[in-house]
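Below is one structure, written out as structure tokens; the observations come after it.
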Amino acid sequence: MSVQIALENVSLQFAAKPEPFTVLKDVSLTLQKGEFVVLLGPSGCGKSTILNLVAGFNQPDSGRVLCNGGVVQKPGPSRGMIFQQPNLFPWLSVLDNVTFGPRLGRYRKDELNNRALDWLARVGLKGFEHHAPWQLSGGMKQRVALARAWLPEPEVLLLDEPFGALDAQTRMMMQELLRNAWRQTGTTLLFVTHDVEEALFLADRVLVMSAKPGKIVEEITLPFGQARDIETLAEHPQYGEIKHRVLHRVRQEAKRHINLPA
1 MSVQIALENV SLQFAAKPEP FTVLKDVSLT LQKGEFVVLL GPSGCGKSTI
51 LNLVAGFNQP DSGRVLCNGG VVQKPGPSRG MIFQQPNLFP WLSVLDNVTF
101 GPRLGRYRKD ELNNRALDWL ARVGLKGFEH HAPWQLSGGM KQRVALARAW
151 LPEPEVLLLD EPFGALDAQT RMMMQELLRN AWRQTGTTLL FVTHDVEEAL
201 FLADRVLVMS AKPGKIVEEI TLPFGQARDI ETLAEHPQYG EIKHRVLHRV
251 RQEAKRHINL PA
């Protein structure tokens, strides 16, 4: 596999009083083409900031962010993003929400609509293409956001806690749907979550971040294979040990974040 995304000694400060606030300090990481990587860490450690840097929304103060060997300087179609909220246009139908961005590009309308209908079927929304967003549940809205993000065929998809607001059952369904879509497309995924179990089900690798300033403090390659079952994953002989290791490290960093004894 080839390296698709790389952060090289990236640091970033945000303006604040009485002095600037250091969000990231000397962060280095790589994502191989087609890999699924999850970022875990306490609130405020810079997980979402890393996504924004890879997306091109922000620029580092020092270091480099690379995509396919080129420096990321601005947003581009090769990198899609899914946010915590689906952010659908309430006045547009489901189909028009999914096709809104690509309609401004190179696609013919009939080709675009056919591909959008295919993606809506993949995420379980066949028959809902003409519904308005207000007629959908929270999970259905997030499925629309998945279809919208994948429709332009990005090489990299960035996901910022997209299932955090969903109930437990819907969240599990969305996790399975996401993994299935990833396996079908081979897209490179960088996913942010606070949920250890979610990370263990989804990821090829888990990167644990420190309390502020954020940096990568542990990297764990998961041995669970591609064809995972959310109901039987906990039966894997290494699952309990790995979960304990990840949870312990994340809790250590969370305690440091709020100045509690480790």
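Take the sequence shown: its letters are residues 1 to 262, numbered as in UniProt numbering.
In this text, a Cβ means the ideal position worked out from N, Cα and C, and glycines have one as well.
According to DSSP, is residue i part of a helix, a strand, or is it coil?
i: residue 8; result: strand
i: residue 176; result: helix
i: residue 216; result: strand
i: residue 29; result: strand
i: residue 196; result: helix
i: residue 166; result: coil
i: residue 36; result: strand
i: residue 190; result: strand
i: residue 73; result: coil
i: residue 82; result: strand
i: residue 222; result: coil
i: residue 59; result: coil
i: residue 238; result: coil
i: residue 22; result: strand
i: residue 201; result: helix
i: residue 207; result: strand
i: residue 64; result: strand
Check whether the Cβ atoms of residue i and residue j lie closer than 8 Å to each other.
i: residue 11; j: residue 63; result: yes
i: residue 125; j: residue 140; result: yes
i: residue 206; j: residue 144; result: no
i: residue 84; j: residue 165; result: yes
i: residue 116; j: residue 81; result: no
i: residue 4; j: residue 52; result: no
i: residue 32; j: residue 2; result: yes
i: residue 216; j: residue 72; result: no
i: residue 66; j: residue 49; result: no
i: residue 172; j: residue 230; result: yes
i: residue 128; j: residue 142; result: no
Could you check how far apart the C-beta atoms of residue i and residue j are, in whole angstroms? I think they sit under 8 Å.
i: residue 98; j: residue 119; result: 7 Å
i: residue 249; j: residue 208; result: 5 Å
i: residue 42; j: residue 176; result: With a Cβ gap of about 27 Å, residue 42 and residue 176 do not count as contacting.
i: residue 147; j: residue 123; result: 5 Å
So, does the CB of residue i fall closer than 8 Å to a CB anywhere in chain B?
i: residue 5; result: Given the protein chain composition of this structure (a single chain), no chain B is represented.
Three CB pairs or more closer than 8 Å across the region 174-191 and the region 24-43: yes
Complete runs of the beta strand (DSSP E) confined to the region 105-160 [at least 3 residues]: 156-160
Inter-stretch contact at 8 Å, needing at least 3 Cβ pairs: the region 58-72 / the region 195-215: no
Touch test, the region 228-243 against the region 193-202, Cβ-Cβ under 8 Å, three pairs minimum: yes
Three CB pairs or more closer than 8 Å across the region 169-188 and the region 144-157: yes
The region 238-255 contacting the region 215-226, beta-carbon criterion three pairs below 8 Å: yes
The region 115-134 in contact with the region 83-91 per 3-pair CB rule at 8 Å: yes
Meets three-Cβ-pair contact criterion under 8 Å: the region 94-113 and the region 176-185: no
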